[in-house]
Amino acid sequence: MDDRRDPLVLGWEPAFRAGAASVGGKGWNLSRLARYGFRVPTGGVLSAQTYEELCQQPQIAADISTLSHVKPEHVTDAEVGQQLARLRERFLQATVPALARQAIDRFLDESGLTDRPVAVRSSAVAEDTAGMAFAGIHDSVLGVIGSDAVAASALRCYASLWTPHAIAYRRRFEVDDTATPCAVVICELIGDASVGPEAAGVAFSCDPVTGERGTITINLAAGPGGAVVDGRIEPQQYRVRWTERVPIIDRTDQTGMAPVLNDDLISELTRLVIRVHWALGDGDQAQDVEWAWDGGTFWLLQARPVTRVPRRTFPGVPTTTVTWSNANVRDSFPRPLSTMTWSLIDVAAQDIVYASLRVVGYSLPRGMEVLRRHGGRPYFDLDSLQWGLYDALGISPTETTRTLGGFQREIPIPKRHPLWGRTGLARFGRRLRLLSHLRRLRRSAPARIDAMIRRARETRATDLRVLDNHTLLQRLYELLDAGRDYQPVLQLAASYCGMWIMILQDLLERMVGDRAQAMVGRLLAHSGGVASAEHGYLLEEMAPLLATEPAARQALESGDPFAWKELPADSGFRSAMERYLEQFGHRAVFEMELASPRWNEDPRYLLEQIRFHAERPDDQARRSRAAQVRRHAEASLTDVPTVARPFVRWILVRTRRGAALRENAKSGSAAGVAFVRTVGLEIGRRLRDRGRLESADDVFHLSITEALAFLDNSWDGVGANYLVRDRKNRLADQEKLDPPGVIEDTPDQRSGDQVSGPIAPTPGGSIRWPGVAAAPGCVTGSACVLVTPHDGHRLERRDVLVAPSTDPGWTPLFLRASAVVMETGGYLSHGAVVARELGLPAVVNVRDAMRTIASGDTLDVDGDAGTVTRRGHDTPS
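Numbering (my numbering), first residue to last: 1 to 877.
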């Protein structure tokens with residue numbers, strides 16, 4: 001059918017292009033499902049233009065105008081009821097405009113539906129949206145045959161907008177009566193013409209009653225699903241916990257009837273609903289899916305967001321709204337995420353964030369919404385995290401906030417000491433169990449980290465092209481299992497690091513007072529074995545090789561990132577690069593993003609750093625500088641009482657191990673991302689070769705669910721190119737956004753910030769910002785404000801690096817800088833740990849640093865006090 005000549009009735013793809021404002025919520029969602037390769041009945045949408053044209057008829061327009069003044073409390077008045085009945089009758093007696101009738105005739109003829117029973121369903125513009133479902137409010141007419149019946153049914157759909165419950169629903173949500181014109185979906189009925197489908201029902205990609213995520217709730221019955229939707233019969237009910245391999249199926253109804261669908265079909269339906277969850281809800285918004293089974297295929301009849309999903313959290317959380325924070329999450333995920341990255345994080349979030357609570361046996365509500373995206377970036381439920389750490393371990397919200405960084409409120413907690421009474425004893429017991437677990441982790445984690453890095457190398461070295469889809473699927477399952485087993489290591493390693501830092505700092509505060517924090521920072525310089533610092537040190541140390549190997553310098557200047565591989569086998573530079581990539585090739589700029597190429601795929605960023613150090617060598621290597629800071633700090637231990645020094649040194653050894661463990665665990669996580677990326681690219685190549693994707697790396701705009709569905713042959717990849725195209729466009733729009741650090745689910749969107757902005761200008765014209773003292777030392781330098789490490793070519797030797805946050809991809813730039821200032825971050829954030837290791841002054845959590853500091857500003861960075869001062873024109877040097 002040529003839909004372009006006939007805009008009044010639109011097929012599914014033209015309906016998608018027209019958008020919800022023309023085809024309504026139901027019609028647009030069906031068009032999206034068809035576009036993305038789901039089985040949707042043959043059909044299309046009579047656009048809302050026809051309804052709007054009818055509403056302009058004088059008598060109908062007058063009645064609508066009169067009803068616009070009806071207040072919510074008067075909707076059920078008898079007089080209003082009579083007015084509504086009269087208006088409905090006007091619609092039912094109206095004549096569908098001639099052009100619309102002709103369009104309906106052509107559509108039925110060219111779609112092969114003239115003699116087929118069809119469903120005619122309302123599709124109001126505000127219907128089936130995230131905020132308003134209009135579920136059961138407007139009419140649908142099933143089993144209609146022929147153009148006359150379709151036109152009459154469309155009028156019935158229009159009339160249903162003017163029932164008492166429809167107008168009451170609009171008043172409840174303050175929707176103007178004319179703001180939601182009605183389109184009409186026309187689509188073929190599924191199954192035998194006389195009896196309909198073999199089974200039908202509804203499914204939710206969450207538990208709509210409890211709010212549990214990762215659980216698919218299914219209601220079904222034999223025959224058409226209208227009775228299930230309307231609640232006229234007791235359906236068979238299933239709760240299915242989603243896993244990547246075999247869904248865990250639990251039938252919950254008490255009907256005692258034989259299953260309408262067997263477990264294999266329930267499993268297939270579950271996977272389909274999860275795909276809808278990602279295709280339409282983008283993994284964030286749970287979906288309500290209406291479906292039918294014709295004995296061979298599941299057909300999708302409707303999908304819409306589940307509205308008002310209950311918050312699922314710990315009992316006792318003292319807030320009813322949710323504070324979403326991106327504090328330390330911004331270190332790892334500073335940009336909007338690709339769909340595949342988000343799909344893996346979303347599944348793993350609870351196990352990662354609450355790893356320390358899980359290992360001590362504290363009860364976690366299954367299926368919490370731990371993370372949510374805003375502007376494409378992940379935010380965590382700060383209130384639940386603060387409460388969980390307090391209730392389980394007695395860690396105060398103040399301590400949590402200091403560790404995380406960010407600018408957010410603290411939840412109220414009881415004034416009594418957290419370790420007081422029976423509850424306090426339970427918390428103390430959990431602390432001991434956590435301490436015992438962390439001690440074991442320190443011994444076991446290095447081998448687990450090494451295993452992840454080794455697996456990344458092995459996966460990259462394997463020729464995945466020779467594997468069939470089934471074998472590749474099993475390989476991906478194995479890698480996902482390995483990643484799942486490793487997930488808690490990163491968070492627990494951070495806990496181990498933080499525990500010893502706090503113990504050391506608390507001990508030194510008793511002996512040297514306010515100097516303790518700065519002393520700890522200097523003592524942690526040059527701890528050794530910190531992977532995120534080592535991959536910076538080594539780049540600086542490779543630079544002198546260029547002076548002795550002209551061929552190596554020429555290779556770097558050629559523009560070919562792999563020209564150095566053609567150097568002779570005895571080349572020192574070639575050997576050094578090979579060793580470097582063997583050790584760190586799994587890392588990347590924005591390394592926790594699957595779409596980011598690894599350094600062993602594209603080492604240009606590394607070569608740029610080497611060239612910089614070769615052309616502008618420092619007067620003292622950073623490793624030597626860090627060692628010097630450490631020696632001076634160890635000499636200052638003479639201020640500690642002699643009797644306490646052995647104990648301080650004993651704690652210091654463990655604190656240094658903790659710093660290395662925290663950063664090395666991050667390297668292991670990056671290795672996990674790297675091996676999934678390798679398999680992902682192979683899946684992408686197969687989709688590309690079948691014409692489903694334009695390029696292999698487009699696969700990262702699919703969810704892991706969609707990738708698995710392709711490998712297990714439950715989806716042939718049809719629609720993948722459209723999914724990718726639409727997600728790329730959305731990602732490009734999200735890149736332009738600058739979302740706040742804290743978002744609250746409250747009408748006024750208050751931030752609850754506790755940290756003030758910059759101090760008022762002093763008479764000399766300088767401005768001072770408070771922050772968190774992350775690494776000690778005082779430096780004055782010229783600011784260089786960088787949004788990403790890829791802008792690093794602008795950073796000159798001795799500049800003050802100003803960044804939004806930093807992940808390990810920034811570390812090579814630390815070696816150029818005289819100090820680091822970060823807009824967000826806590827005392828235990830990645831940037832803070834590495835800055836201390838390098839002996840580099842750093843202040844983090846400097847509010848609005850990226851907005852209020854400009855490149856070229858002269859900054860005084862005080863890593864002891866935790867302040868950043870921008871000098872005014874009158875300030876002496």
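Idealized CB from N, CA, C, for every residue including glycine.
Query, Result
"When you compare only the Cα positions, how much space is there between S444 and L606?", "31 Å"
"Where do the ends of the beta strand (DSSP E) carrying T858 lie?", "858-862"
"Taking 7 Å as the cut-off, is the CB of A533 close to at least one heavy atom of the ligand ATP?", "In the structure shown, the ligand ATP is absent, as is every other ligand, since no ligand is present at all."
"Hey, D862 and R870: beta-carbon distance below 8 Å or not?", "no"
"For I248, which residues of its own chain have a beta-carbon under 6 Å away from its beta-carbon, when the five flanking residues on both sides are left out?", "R241"
"Short check: CB of A709 to CB of R271, under 8 Å?", "yes"
"Specify whether the segment 352-359 and the segment 382-394 touch according to this definition: at least 3 beta carbon pairs, one from each stretch, less than 8 Å apart.", "yes"
"Would the segment 119-128 count as touching the segment 147-165 if we require 3 or more Cβ pairs under 8 Å?", "yes"
"Could you name the residues that DSSP lists as bridge partners for I145?", "For I145, which the question treats as bridged, DSSP gives no partner whatsoever."
"How far does the beta strand (DSSP E) with Q56 in it extend, from its first residue to its last?", "Taken as a continuous stretch (DSSP letters only), Q56 belongs to no beta strand (DSSP E), as it is neither H nor E."
"Excluding the five sequence neighbours on either side, which residues of its own chain have a C-beta within less than 6 Å of the C-beta of G19, listed in chain order?", "none"
"For K415, is the classification buried or exposed, using 16 other Cβ atoms within 10 angstroms of its Cβ as the cut-off for buried?", "exposed"
"Using the rule of at least 16 other Cβ atoms within 10 Å of the residue's Cβ for burial, across every protein chain shown, is K666 buried or exposed?", "buried"
"I'd like the span of the alpha helix (DSSP H) that includes I248, first residue to last.", "Looking at the DSSP string, I248 is not in any alpha helix (DSSP H); the run it does join, the beta strand (DSSP E), is 248-251."
"Alpha carbons only, please: which of I767, V306, L10 is nearest the one belonging to C206?", "V306"
"Quick one, are the C-beta atoms of S805 and V779 less than 8 Å apart?", "no"
"Assuming the contact rule is C-beta atoms closer than 8 Å, V589 and P789 should be a hit. Round their C-beta distance to whole Å, please.", "5 Å"
"Would you call L435 buried or exposed, if buried means 16 or more other Cβ atoms sit within 10 Å of its Cβ?", "exposed"
"Say whether chain D places a C-beta atom closer than 8 Å to the C-beta of A392.", "The structure shown contains no chain D, having only a single protein chain."
"Need the endpoints of the alpha helix (DSSP H) that L546 sits in, please.", "545-548"
"Whole angstroms are fine: how far does the CA of R460 sit from the CA of A258?", "49 Å"
"Please confirm whether G405 and R836 have their CB atoms less than 8 Å apart.", "no"
"Below 8 Å CB to CB, which residues in the same chain sit around R645 once its five sequence neighbours on both sides are set aside?", "L637"
"Here's a check: name, in chain order, each residue in its chain whose Cβ is nearer than 7 Å to the Cβ of S766, leaving out the five neighbours to either side.", "T869, R870, R871, G872, T875"
"Hey, how far is the Cα of A119 from the Cα of L385?", "48 Å"
"Helix or strand or just coil, what does DSSP make of G866?", "coil"
"Using only CA atoms, which one of P97, E198, S65, D733 lies nearest to T178?", "S65"
"Kindly indicate which residue of R465, R579, D506, V724 has the alpha-carbon position closest to the one of D697.", "V724"
"For the segment 324-339 and the segment 591-607, state whether three or more C-beta atom pairs, one from each stretch, are separated by less than 8 Å.", "yes"
"Span of the beta strand (DSSP E) holding F298?", "298-305"
"Take Q83 and list the residues in its own chain whose beta-carbon comes closer than 7 Å to its own, dropping the five residues that flank it on each side.", "D63, T66, L67"
"Cutting at 6 Å between CB atoms, please list the residues of its own chain near D860, excluding the five before and the five after it.", "T780, T869"
"Determine the DSSP secondary structure at W12, reduced to helix, strand or coil.", "helix"
"Under 6 Å Cβ to Cβ from L382, same chain only, skipping five residues before and after it: list those, please.", "T323, S325, Q408"
"Buried or exposed for P412, please, with buried defined as at least 16 other CB atoms from any protein chain shown within 10 angstroms of its CB.", "exposed"
"With C-beta atoms as the reference, is V40 less than 8 Å away from W299?", "yes"
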